[in-house]
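Line by line, the protein sequences give chains A and B. For the first sequence, my numbering begins at 190 and goes up steadily by one. For the second sequence, my numbering begins at 190 and goes up steadily by one. Have a look at the structure below, then the notes.
There are 2 protein chains.
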Amino acid sequence: MEGFDCATDDPRCYCPLNDVLDLLGRKYVMDIVCVVAVHGTVRFGTLEDHIPAASTSTLSARLDDLEAEGLVTREQYDEIPPRVEYELTDDGADLAERLRPVLEWVQAREHRA
Amino acid sequence: MEGFDCATDDPRCYCPLNDVLDLLGRKYVMDIVCVVAVHGTVRFGTLEDHIPAASTSTLSARLDDLEAEGLVTREQYDEIPPRVEYELTDDGADLAERLRPVLEWVQAREHRA
DNA sequence: CCGTATCCCAAATGATACTG
DNA sequence: CAGTATCATTTGGGATACGG
Numbered sequence: 190m191e192g193f194d195c196a197t198d199d200p201r202c203y204c205p206l207n208d209v210l211d212l213l214g215r216k217y218v219m220d221i222v223c224v225v226a227v228h229g230t231v232r233f234g235t236l237e238d239h240i241p242a243a244s245t246s247t248l249s250a251r252l253d254d255l256e257a258e259g260l261v262t263r264e265q266y267d268e269i270p271p272r273v274e275y276e277l278t279d280d281g282a283d284l285a286e287r288l289r290p291v292l293e294w295v296q297a298r299e300h301r302a
Numbered sequence: 190m191e192g193f194d195c196a197t198d199d200p201r202c203y204c205p206l207n208d209v210l211d212l213l214g215r216k217y218v219m220d221i222v223c224v225v226a227v228h229g230t231v232r233f234g235t236l237e238d239h240i241p242a243a244s245t246s247t248l249s250a251r252l253d254d255l256e257a258e259g260l261v262t263r264e265q266y267d268e269i270p271p272r273v274e275y276e277l278t279d280d281g282a283d284l285a286e287r288l289r290p291v292l293e294w295v296q297a298r299e300h301r302a
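Next comes the structure, spelled out in C-alpha cells:
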C-alpha cells in the first residue's frame, strides 16, 4: 500500500478508528449509502423495501447517524400522507464514489463463488 | 452512481448483504486489512500494537474470519519463541487497493474536522 | 510468542405496537 | 407514510488466565 499516508513503524500508523469508520463498520450502513446513491433521492419505505433484513428502528437509527455525520440530508414534506426524501450530501456522494469499487469487488466476488 | 450494476427498480438492486460485506462491516476489520496491507507481512503482536483498542480474542477471531474468507494467509514458523506471519492473499490485496480511497477519504475528513 | 478458552457485560438489533 | 417507543434478545466484544 505504497502512497498511503502512514509510517509503518508508528504503532498508530494505520487509518485510525474514528466516528465515520465506526459508522461504516455497522450493519447495513454501506448498504444504505449505496441505495441512496443509486436512487439519488429515496423515501424511507423504499429503503425498507431494499433492505428488508434491517428492522424499521435500526434503519431509522442509522439514517439519523448518517444525517448527524453530514452524509445524508433528510427532507420532509408536510403532505398527507407524509413524505420524506433522503439524499446524499456532497460529502456523502464523495464517499459513495469511493465505496463503489469496493462494492463492485464484493459483488464480483460473490458472483465468482 | 451511474455505471453501478444495479437496476434501480429492483427491490434488491443494491449491492446485497453477503459474508464479505458483513465481515467488512465489523469492528476493526478494515483496520486489520489496512495494517496488513501496509506491512506486507505482519506478526500477531504487531497487529495488537497497531490496534490496541481490539482485544486479543477479537483480533484473533477476525483474523480467523479473514483467513476463512481467503483474504489473508497465516504462516506459522515452529521456532522458539513461536512466530506467525499474516499476509494478504491476492484477493485480499485487491480488496485493500479498493479500500484505500475510502480510508484516505476518512482520514482527510477527520483532518478537516 | 501466539494464541484459545471462559466468563461477563454492553451494545446493537429485532419485533411489535402505536402516533402525528 | 414515516417513523418513535418499548421491550426482549442476541451477539459481539472485553478481560483474563492459561496452554502449546
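Yeah, the Cβ is synthetic: ideal placement off N, Cα and C, and Gly gets one too. Note that the coordinates shown come from a computational prediction; the quantities given were computed from them, not determined experimentally.
Nonlocal neighbours in the same chain, by C-beta distance under 6 Å from residue 281 of chain A, ignoring five residues either side: Non-local C-beta neighbours of residue 281 of chain A in its own chain, meaning closer than 6 Å and more than five positions away in sequence, comprise 260 and 261, ordered along the chain.
Under a CB-based cut-off of 9 Å, is residue 218 of chain B close to chain A? With its beta carbon less than 9 Å from one in chain A, residue 218 of chain B belongs to the interface.
Residue 236 of chain B and residue 252 of chain B closer than 9 Å at C-beta: When the beta-carbon positions are compared, residue 236 of chain B and residue 252 of chain B come within less than 9 Å of each other.
In this structure, how does DSSP classify residue 299 of chain A when only helix, strand and coil are distinguished? Residue 299 of chain A sits in a helix when the DSSP states are folded into three classes.
For the pair the region 281-300 of chain A and the region 238-251 of chain A, tell me if three or more CB-CB distances fall below 8 Å. By the Cβ test, the region 281-300 of chain A is not in contact with the region 238-251 of chain A, since fewer than three Cβ pairs between them sit closer than 8 Å.
Starting from residue 251 of chain B, find everything on chain A with Cβ-Cβ shorter than 7 Å and list it in chain order. Ordered by position in chain A, no residue passes the 7 Å Cβ test against residue 251 of chain B, which lies about 11 Å from the chain.
Rounded Cβ spacing between residue 224 of chain A and residue 231 of chain A (contact assumed at less than 8 Å): Your pair residue 224 of chain A and residue 231 of chain A checks out as a contact, with CB atoms roughly 6 Å apart and the cut at 8 Å.
Check each candidate in A:299, A:275, A:269 and A:270 and name the one with the smallest Cα separation from residue 256 of chain A. Ranked by Cα distance from residue 256 of chain A, the options A:299, A:275, A:269 and A:270 are led by A:275.
Residue 283 of chain A: contacting residues in chain B (beta-carbon distance under 7 Å): Per Cβ cutoff of 7 Å: 294.
Do residue 236 of chain A and the ligand COA come close, with the Cβ less than 8 Å from some heavy atom? As presented, the structure is devoid of all ligands, the ligand COA included, so that no description of it is given.
Can you check DSSP and say which residues form a bridge with residue 231 of chain A? A:275, per the DSSP bridge assignment.
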